[in-house]
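Structure record follows, encoded as structure tokens.
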Ligand SMILES: Nc1ncnc2c1ncn2[C@@H]1O[C@H](COP(=O)(O)OP(=O)(O)OP(=O)(O)O)[C@@H](O)[C@H]1O
Ligand SMILES: [Mg+2]
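Residue numbers (the numbering used here): 1 to 465.
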């Protein structure tokens with residue numbers, strides 16, 4: 001059952017019993033009795049539901065009013081900061097796929113989204129596993145068979161993203177043959193990130209050399225070679241010892257060889273196409289380079305989208321015809337294995353950029369989704385902005401404590417599982433199966449257990465990649 005609109009009419013029943021009975025009543029939840037739906041992440045849906053993506057079904061019974069089996073949706077009208085945590089194999093990457101499927105243009109009409117205004121999604125893929133978003137699950141792939149059976153049971157058709165562009169770093173391993181090369185422009189990397197990347201203090205002779213070089217080249221598209229040439233010329237730095245210049249020279253040479261940079265590298269507007277999903281497959285990069293690429297994308301997104309919304313506001317206020325840039329009004333950045341690029345205790349370019357992204361993101365139409373198996377390792381300044389959380393199975397107490405601290409509502413305090421009563425949320429998290437999670441939503445009075453729907457596209461986690 002679902003909203004009695006359009007395609008979303010008839011999900012399979014799938015769940016009619018559960019071993020889980022929640023004892024705490026739910027005081028506040030956005031429940032639409034018509035069609036038995038729960039909407040997370042925002043207010044009511046009004047007369048005609050729109051901007052909703054389908055994520056699964058409520059999987060808890062209750063002693064008071066039960067929502068067991070109700071269809072669960074996320075309202076994507078507003079920017080979100082979503083935190084997905086869980087151990088290996090608990091379903092985090094799967095969730096990212098579910099969200100991207102709901103947000104992106106699909107090859108065939110589907111009931112997994114309702115009137116979603118076209119947005120752009122950018123997926124930072126540390127394991128190079130999301131290329132399969134371009135493909136429906138296949139009957140002749142053994143690992144896809146269970147997924148196809150589940151889709152049938154849920155009454156959801158297999159599908160594929162109609163515009164999914166895959167980026168691979170130069171020299172990295174592609175899978176499809178039509179991947180785009182991911183290279184970044186040296187001019188997009190600010191002075192402090194160059195210093196960090198080359199292991200230099202900003203206020204040191206080496207930091208000074210880098211700063212002067214960037215200043216000199218700032219009015220042109222430049223390559224690492226251009227930087228090397230400028231730094232290699234002692235006359236440009238009469239008061240700096242050769243050793244300082246050489247220190248940077250050697251490190252820059254390494255980057256020149258790695259081919260991560262190119263003066264005509266990625267233009268952010270290539271990612272800002274409505275309905276498009278851009279997958280950045282970063283597995284072959286070193287962690288510091290993954291962080292650099294992520295930082296650059298985050299920074300460019302908030303600069304461009306911030307400017308777009310500023311222009312739009314002015315045009316709307318003065319009732320001027322809109323001459324604003326041609327970009328979607330909303331962008332989602334999704335980062336799998338987020339602890340790699342935004343660790344808590346290590347200074348990294350992405351950490352600072354993401355802090356700014358979440359702080360300024362709301363006004364710029366930017367959403368962020370972070371997934372990690374180490375919730376205690378992700379920077380708190382980013383996590384303090386979370387408004388929606390997907391908590392999958394966790395085992396270690398430190399990780400559980402960190403994950404629970406960022407749940408934006410009250411954790412469930414009492415759950416009966418096949419007759420046994422649990423009074424500790426940690427114990428509840430420990431017994432979840434893959435694909436089951438507690439959803440924490442700041443507009444719902446407590447966490448609610450949800451079974452995530454099957455993926456409509458092939459899940460890369462299945463495939464030998
Ligand atoms: N909602 C779901 N429905 C059905 N199966 C699921 C679901 N979520 C996860 N699974 C199963 O669990 C497996 C692992 O899921 P996933 O790749 O998302 O794990 P992960 O949490 O990202 O793990 P890792 O930390 O190792 O990357 C999937 O390949 C799939 O078999
Ligand atoms: Mg994963």
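Even for Gly, the Cβ is constructed at its ideal location relative to N, Cα and C. None of these values were measured; they are calculated from a predicted model.
Alpha carbon to alpha carbon, what distance is there between residue 388 and residue 331?
17 Å
Consider the C-beta atom of residue 454 and the heavy atoms of ligand 1; say whether any pair is separated by less than 7 Å.
yes
Three or more C-beta pairs below 8 Å linking the region 290-309 and the region 358-373:
yes
By how many angstroms is the C-alpha of residue 329 removed from the C-alpha of residue 101?
18 Å
From the DSSP output, which residues share a beta bridge with residue 182?
169
Among the residues of its own chain, which have a CB less than 8 Å from the CB of residue 418, if the five just before and after it don't count?
19
Please classify residue 203: is it buried, with 16 or more other beta-carbons within 10 angstroms of its beta-carbon, or exposed?
exposed
Are the Cβ atoms of residue 38 and residue 62 separated by less than 8 Å?
no
For ligand 2, is there any heavy atom lying closer than 7 Å to the beta carbon of residue 434?
no
Please classify residue 286 as buried or exposed, where buried requires at least 16 neighbouring CB atoms within 10 angstroms.
exposed
Can you name the residues that DSSP bridges to residue 446?
410
I need the boundaries of the alpha helix (DSSP H) containing residue 115, first residue and last residue.
Segment: none, residue 115 is in no alpha helix (DSSP H) and carries neither H nor E.
Residue from 438, 431, 386 whose Cα sits closest to the Cα of residue 411
438
Tell me whether residue 61 sits in a helix, a strand or coil according to DSSP, three-state version.
strand
Continuous beta strand (DSSP E) stretch holding residue 154: start and end:
From DSSP, residue 154 is part of no beta strand (DSSP E) but of the alpha helix (DSSP H) over 145-154.
Let me check understanding here. Comparing Cα to Cα, which of 227, 273, 447, 148 lies closest to residue 122?
273
For residue 346, which of helix, strand or coil comes out of DSSP?
coil
Using a Cβ-based criterion (distance less than 7 Å to any ligand heavy atom), does residue 476 qualify as near ligand 2?
Shown here, the chain extends from 1 to 465; a query on residue 476 therefore has no answer.
When you compare only the Cα positions, how much space is there between residue 23 and residue 64?
8 Å
Rounded to a whole number of angstroms, what is the C-alpha to C-alpha distance between residue 1 and residue 436?
Its pLDDT being 45, under 50, residue 1 is placed unreliably in this model, and the value from its coordinates should be taken loosely. Residue 1 and residue 436: Cα-Cα distance of roughly 20 Å.
What's the gap between the Cα of residue 454 and the Cα of residue 292?
33 Å
Between which two residues does the alpha helix (DSSP H) containing residue 244 stretch?
242-258
Cβ-based burial, residue 92 [other Cβ within 10 Å; buried from 16]
buried
Going by beta carbon distance, what residues of the same chain come within less than 6 Å of residue 150, once the five residues before and after it are set aside?
454
Taking 7 Å as the cut-off, is the CB of residue 92 close to at least one heavy atom of ligand 2?
yes
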